[in-house]
Amino acid sequence: MCGIAGTTTPDDALLRRFADGLGHRGPDASGVWAEPEGRIGFAHTRLAIIDLSEGGAQPMRSPCGRYALTFNGEIYNYRQLRHDLEAAGEQFTSESDTEVLLRLLMREGAKAVERLVGMFVFAFWDREEARLLLARDRLGIKPLLYARLPGGGIAFASEIAALRAQPGIDLTRDPEALSAYLACLYVPAPMTFFRGIRKLPPGSLLEWQGGEMTIRPFWRPAFTGGRQPSMDEAVEEVLPLVRQAVVDRMVADVDVGCFLSGGVDSSAIAAFMAAEAERQGAGPIRTFTMTFAEKAYDERDAAAAVAAHIGSRHTELSAGSSLTDQLDPMIRAFGEPFGNPTALLIDDLSRKAREHVTVALIGDGGDEVFAGYPRYDGGLLAQRYRKLPQWLRQGVIRRLAGLIPESTSGLHSLRRAREFLTSASLPDDEMYAAWVEYFTPEERAALLGGARPGSPVADCFRSAASPDVLDRMQQTDLETFLPGNLLAYGDAMSMRHALELRVPLIDHRLIEAVQTLSPALRMQGGKKALLRAVAKRMLPTEIVDRPKRGFNPPMGVWLKGDLRARLEEALTPANLEALGLRPEPVMQLRSEFQNGYRDHSLKLWSLLVLQRWTELNDHMFG
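Converting from the sequence shown to the numbering used here requires adding 96 to each position, the first position being numbered 1.
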């Protein structure tokens with residue numbers, strides 16, 4: 097795992113600044129390289145995971161001198177690829193997956209990405225053709241930012257903060273990004289908060305040559321489920337794919353552990369890890385869970401039950417009463433506002449787990465792949481709800497729904513009921529956006545002024561090929577919420593502490609199998625029915641069927657307690673106007689929240705983050 101950067105305007109000082117800015121991502125080594133002709137330069141910082149020797153050092157160049165590579169990630173099938181390449185006559189000088197990737201790219205060019213199993217971003221330079229190839233993995237597990245330079249050049253980096261060292265980038269604030277942030281609590285690709293910096297979308301290739309740049313996708317999820325095997329048949333198909341995905345991600349030359357919440361996602365992963373460790377004759381696996389003083393958020397008992405069953409070496413890591421002292425480091429790690437407070441938990445968990453392991457497997461993606469979110473039930477229920485008379489839905493039920501109270505104690509059932517009843521009659525794209533987005537288009541129009549803005553989630557929903565609502569919801573989440581939110585904070589917060597997170601449940605081979613199964617099968621027996629059936633082959637039913645709480649901080653409690661003063665200091669009318677926001681709607685949000693009428697905790701937290709980011713970065717705005 098590493099940090100990478102590069103530019104078509106290289107000089108040694110700039111490349112060193114790139115490396116210094118990415119040092120936390122790769123504390124084990126760093127290197128820079130510039131082509132003698134001065135057309136390209138790479139910087140790299142290394143967290144050594146596979147082949148800890150100098151043989152895996154980067155940037156890596158081909159023996160012939162024609163090609164250069166800088167790479168961040170893991171190629172889990174590198175051993176098979178190496179075997180194939182050796183059979184074709186290639187000779188290797190290291191045991192690293194980086195050299196395998198380099199030689200595969202030398203032979204196959206851009207088509208090589210289709211053969212890769214893993215998480216990756218890389219930059220590959222062909223000196224003879226003066227062509228640069230950038231690539232980002234299918235699901236967007238690893239980040240890659242780029243910027244066009246005056247004169248047609250290009251620069252790229254793993255993080256915004258490092259890329260800002262490049263002269264000539266337009267660092268004025270993008271107004272469209274502000275609206276998108278208010279909708280999603282993150283800035284969706286390809287946007288960033290800066291006009292001149294863009295995110296390479298997941299599953300995409302960028303080719304640059306002679307000042308001309310093209311971007312094209314090489315993979316996209318496609319939920320078009322039509323196959324209807326029995327549940328047992330589906331389990332027999334999917335179980336070995338889950339096992340293989342887990343086993344692949346255990347390969348490392350450093351200590352590996354697992355984040356264990358007690359939910360079915362992480363529990364299944366831990367069970368497969370334990371079985372593989374036993375098969376290899378290794379010792380017990382390491383598992384880690386975060387504990388909370390607030391009972392509604394604490395899952396230590398569930399995690400302990402799983403750990404006891406599989407025989408792991410289990411460690412409980414206590415969350416602080418408020419982790420908001422990490423706000424500034426979080427903002428710096430993202431380089432732009434990021435409003436999901438779960439990032440604070442992953443930051444704290446990563447810091448503490450890093451004292452024990454260098455790699456950790458996590459269960460992110462299980463909800464998106466196996467249909468685990470309550471809103472998926474809602475989408476299916478809405479199809480039946482719309483059969484009720486319109487006068488009843490709109491004239492009676494919707495009005496009554498507005499009176500439903502909410503809770504800030506961690507229980508979201510009342511809020512979800514209200515959101516369902518007020519949105520279920522809308523077209524599917526608008527309905528789903530209403531459930532997933534935070535500030536509605538109407539609220540954003542009130543905050544920002546002007547016309548009603550668009551909806552990033554609805555736009556993605558409409559682009560899905562399948563007419564089925566479950567297919568479209570899952571695909572939308574895999575293309576928006578997962579990479580922009582969950583994977584983004586997973587990478588930023590873990591790499592801040594040089595901890596590598598691996599995500600078995602979004603192995604693309606597994607997704608390609610599940611997305612062909614019928615929606616009816618995916619929801620047969622409730623949320624994540626297929627994954628639960630797989631997990632029951634490894635774990636007792638009482639563990640698998642335990643209700644999920646989710647991994648979230650008690651932000652509602654904190655904002656009414658330790659953070660109340662900070663919230664009031666940040667969200668003053670003057671500060672809000674400086675952000676380009678109208679104060680009145682925010683004052684109403686604060687009042688409704690403090691009076692217990694509505695749980696606006698995430699909206700208020702996102703505004704607090706925005707205000708603090710502006711304070712830290714105001715000098716960068718044009």
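Don't be surprised by glycine CBs; every beta carbon is placed ideally from N, CA and C.
Which residue marks the beginning of the beta strand (DSSP E) containing residue i, and which one marks its end?
i: N713; result: It is not in any beta strand (DSSP E) - N713 instead sits in the alpha helix (DSSP H) that spans S697 to N713.
i: Y163; result: Y163 to I171
i: D222; result: G214 to D222
i: F355; result: V352 to F355
Roughly how many whole angstroms lie between the Cα atoms of residue i and residue j?
i: R482; j: D525; result: 15 Å
i: D603; j: A513; result: 33 Å
i: L703; j: Y174; result: 44 Å
i: G657; j: L111; result: 45 Å
i: A616; j: V565; result: 11 Å
i: T105; j: P579; result: 30 Å
i: V128; j: Q187; result: 25 Å
i: S509; j: A439; result: 23 Å
i: P643; j: L613; result: 24 Å
i: A109; j: G134; result: 14 Å
i: E664; j: F289; result: 25 Å
i: F319; j: Q571; result: 6 Å
i: R592; j: P485; result: 54 Å
i: R598; j: E170; result: 9 Å
i: M369; j: I381; result: 7 Å
i: F717; j: V338; result: With a pLDDT of 39 at F717, under the threshold of 50, the modelled position of that residue is not reliable, and the figure given next carries that caveat. Spanning the two alpha carbons is a distance of roughly 46 Å.
i: Y95; j: P563; result: Summary: the structure shown does not reach residue 95, with the chain confined to residues 97 through 718, and so no result is reported for it.
i: N168; j: F388; result: 34 Å
i: A398; j: F516; result: 29 Å
i: E303; j: S190; result: 28 Å
i: Q690; j: I500; result: 17 Å
i: S275; j: P298; result: 22 Å
What first and last residue would you give for the alpha helix (DSSP H) that runs through residue i?
i: H140; result: First-last for H140: G137 to R142, but that is the beta strand (DSSP E), not the alpha helix (DSSP H).
i: F290; result: Taken as a continuous stretch (DSSP letters only), F290 belongs to no alpha helix (DSSP H), as it is neither H nor E.
i: N671; result: P669 to A674
i: W531; result: D524 to V532
i: E451; result: No alpha helix (DSSP H) holds E451; DSSP gives it neither H nor E.
i: Y174; result: Y174 to A183
i: S362; result: V360 to Q376
i: R203; result: D193 to E204
For a test of the three-state rule: what should DSSP assign to residue i, helix, strand or coil?
i: A101; result: strand
i: I146; result: coil
i: I311; result: strand
i: A661; result: helix
i: P679; result: helix
i: I406; result: helix
i: G692; result: coil
i: K391; result: helix
i: K295; result: strand
i: Q305; result: strand
i: Y585; result: helix
i: T518; result: helix
i: L484; result: coil
i: F114; result: helix
i: F717; result: Bear in mind that the predicted position of F717 carries a pLDDT of just 39, short of 50, making it too unreliable to give a figure here.
i: I458; result: coil
Can you tell me the Cβ-Cβ gap for residue i and residue j, rounded? I've got them flagged as a contact below 8 Å.
i: G722; j: D233; result: This structure leaves residue 722 out entirely; the chain is present only between 97 and 718.
i: G475; j: M569; result: 5 Å
i: L240; j: L296; result: 4 Å
i: A403; j: D444; result: With 8 Å as the limit, A403 and D444 do not qualify as a contact, their Cβ atoms being about 20 Å apart.
i: A253; j: A101; result: 4 Å
i: M527; j: L441; result: Not confirmed; about 30 Å, so no contact.
i: T141; j: G119; result: 6 Å
i: F719; j: K238; result: What the structure shows of the chain is the stretch from 97 to 718, and residue 719 is not part of that stretch, so it cannot be assessed.
Looking only at C-alpha atoms, which of the options sits nearest to residue i?
i: L181; options: V705, G169, A373 and M202; result: M202
i: L685; options: H696, R345 and E372; result: H696
i: L278; options: P155, L659 and E538; result: E538
i: I250; options: I265, L274 and I171; result: I265
i: L267; options: R548, A273, L543 and I293; result: I293
i: G621; options: F388, M327 and I311; result: M327
i: M346; options: S300, A330 and I365; result: I365
i: G546; options: E255, E210 and E272; result: E272
i: E390; options: P649, L635 and D573; result: P649
i: L230; options: T383, Q486 and V209; result: V209
i: G676; options: V350, Q707, F430 and L499; result: Q707
i: L165; options: H179, I146 and F218; result: F218
i: E224; options: G322, P132, C556 and I406; result: P132
i: C160; options: A554, S190 and D222; result: D222
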